[in-house]
DNA sequence: GACTCACTTTTTTTT
DNA sequence: AAAGTGAGTC
């Protein structure tokens, strides 16, 4: 026991050894948050406050959950099996499987990931003949998920205008479709669990009595529904209910876009009369300069609970800043820098390359690849989201649950087997008439048994029979063969990598089989044979990417800033510090958008232990166009004394044309997200005396600035950004009369 | 019905 | 840049 608490600082010790009660721990970046959580669990059990069965620990990522289990098992010999440790979605899945009947679901219900959900919504709009221009599927998806995350079923949504009314109807139709097809989307996992707990008293009582201590990681990222779910389990803080131990950092809340509600922290404090708020402010990760930069940055946010990190490690190295001409130059410089770091003995695995959006990884990867530097990309196109893997999974899903129309549509004609749009249309019509899922509708169709559709059904039936008694990995392998997927990709020129991914899927099934069953709890129904497949499919949906994570590998780590949360590295490169990119221009529309971007920047900066590089470029290829961005305002927010410019510090160029984005600000002091005229020093094209960045005037559109050019000679076109009225236009040089203006 | 090619649209972050 | 859409051809 004493060993357990060794080396904790006074605040950590206080948090770990709080007597059973509600507590809020404000844990800054690198302050030993995970350590406090795991030690707290160990301490509770060893002190006899609670048995392992009484522990419920929730995290947001599978990575964090695994980490917690690993650390716990290392800490003491007791088995972690009895505890519920997992992500919100993972735990809700487990809960719904155990009580599927009460939840109104078949036992083998399937989980839709975001992509599946979008496909499902598109299909719904099509069958209902809804104009998808008026109701864009993505927007509808966002609407539905937003309502679910607020705990609202269609009937509970207030709709005053026709547009919203119609969207609510579509929400209801979508629900009906999901129920018909026995599928559940991400927010539905939570909402169902919540509703079941709420309306079913025996079940609620059971879990309320069971869980004595509920521990929540990254509490600042919980949404309204998750908070209410926790409240139900903890019996709302009533006498006899579980103790809620919430660990979070309001400065690291970066998931507002998916409904995270920082307000939960304040609500929790108030509703649970939390008397013990403990701040962990000592940082064990980074050197002083890095922390000072982080503190200075985040101080620009207005809505904070207040907290300031400190370290006793000394200032360390200055933060290095680099300005490049182009994104390619930036990438080249980063790779050169990495190579010299590696020569000096830094392990590649301790170097991270962070960026705001996945699209930025391409240039970096290209440069790393051609320089022969081993690297690993996290996120982006995740393994289980690759099309070949999704196809294979769709076959498996049909075996598991033929009513899954999303899966049906995905592979009914893949590989192609002569079932075209017309056949599908007829089938969809019939399915509406008979009110049956597509698969069950096939026999109803004017029935020559030899039709392609009937053959497809026979294929699935055959697969189900043949695989009924096989172990999971053989099921997967068999399906990949018999469905024709392997043959199809073998015939494809670029199919090699896809074939490897299919093999990788079989591999994943092998590993899954050996691990399966390990999480069984004594008080849960025995899992039947066929549900191993269901479990595997749920795993594929819930754990889209972690599968390929190989952190031990001696490779440079590439990932988005979001994906880097919770991780730390000796050396961090943060690239693309440009207005429009970071802060991202799309964030301007969201209320609090800029503050969330700044928190994201804060997360990025605090990932670094010893050395931090910040870089930006004058021009960048984005969405197939060269863009010229002003360097990020976040760079300006770092005090000068902490940085060292590797390129001559340049003045932050002022912008000429209209600001491209404005941030919402309650104080009406609106800030502009400007774009800048391109620097004249870039290699120029022959544009008949004009150059990128030049100010010009046009007889009709007025004054503007050339922002891009393509073609040459008679085909030469330039893109000119005019004032607010005219906007940005492509003009043929041979046609348009552009006069250079000095300025 | 399958396939190709040109055209248009999108264009953040993720369980 | 990449993905999705639509028209035209075999």
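Residue numbers (the UniProt record's numbering): 1 to 743. Built from N, CA and C at the ideal position, the CB exists for glycine as well.
With a threshold of 16 other beta carbon atoms within 10 Å, residue 131 falls short and is exposed. Within the same chain, 554 come within 6 angstroms of residue 349 by CB-CB distance, once the 5 residues on both sides are set aside. Under the 10 Å beta carbon count, residue 199 is surrounded by fewer than 16 other beta carbons and is classified as exposed. Nearest C-alpha to residue 368 among 147, 61 and 328: 328. In terms of Cα proximity to residue 533, the closest of 512, 542 and 313 is 512. Taking all protein chains in view, the Cβ of residue 39 is crowded by 16 or more other Cβ atoms within 10 Å, so the residue is classified as buried.
Rounded to the nearest whole angstrom, the C-alpha separation of residue 98 and residue 152 is 24 angstroms. Per DSSP, reduced to three states, the secondary structure at residue 460 is helical.
In this chain, the beta strand (DSSP E) harbouring residue 184 covers 183-185. Judged by their CB atoms, residue 741 and residue 720 are not nearer to each other than the 8 angstroms cut-off. Within the DSSP bridge table, the entry for residue 644 names 320 as partners. In this structure, the CA atom of residue 620 is about 29 angstroms from the CA atom of residue 295. Around the beta carbon of residue 372, fewer than 16 other beta carbons lie within 10 angstroms, which makes this residue exposed. 8 angstroms or more divides the Cβ of residue 262 from the Cβ of residue 226. When 253, 488 and 167 are compared, the shortest CA-CA separation from residue 594 is found for 253. Residue 740 is bridged by DSSP to 696. Listed as beta-bridge partners of residue 216 by DSSP are 58 and 246. In the structure shown, residue 395 adopts helical secondary structure according to DSSP, grouped into three states.
If only uninterrupted beta strand (DSSP E) runs of at least 3 residues are considered, those enclosed by the segment 530-588 are 556-560 and 569-574. Shortest Cα-Cα distance from residue 115 to any of 407, 375 and 402 involves 407. Within the same chain, 99, 102, 103 and 203 come within 7 angstroms of residue 196 by CB-CB distance, once the 5 residues on both sides are set aside. Residue 572 and residue 352 do touch by the CB rule: their CB atoms are close to 5 angstroms apart, below 8 angstroms. Between the segment 383-391 and the segment 336-350, the count of Cβ pairs shorter than 8 angstroms is below three; the stretches do not touch. When secondary structure is reduced to three states using DSSP, residue 299 falls in the coil class, being assigned neither helix nor strand. By the neighbour-count definition (other C-beta atoms within 10 Å, threshold 16), residue 601 is a buried residue. Of the candidates 325, 110 and 93, the residue whose Cα lies closest to the Cα of residue 618 is 325. For the pair residue 215 and residue 69, the Cα-to-Cα distance works out to about 13 angstroms. Exclusion of the five residues before and after residue 95 leaves 193 as the residues of its chain whose Cβ lies within less than 7 angstroms of its Cβ. Just so you know, the alpha carbons of residue 563 and residue 354 end up roughly 9 angstroms apart. When C-beta atoms of the segment 147-165 are compared with those of the segment 119-126, fewer than three pairs fall below 8 angstroms, so the two segments do not count as touching.
Counting along the chain, no beta strand (DSSP E) covers residue 304, and no H or E run does either. Apart from the 5 residues on each side of it in sequence, residue 430 sits with its Cβ closer than 7 angstroms to the Cβ of 441, 444 and 445 in its chain, given in chain order. Under the 10 Å beta carbon count, residue 265 is surrounded by 16 or more other beta carbons and is classified as buried. If you look at residue 593, you'll find it in the alpha helix (DSSP H) that goes 593-605. Note that the C-beta distance between residue 605 and residue 297 is below 8 angstroms.
Taking residue 608 as reference, the option from 539, 288, 312 and 390 with the minimal CA-CA separation is 288.
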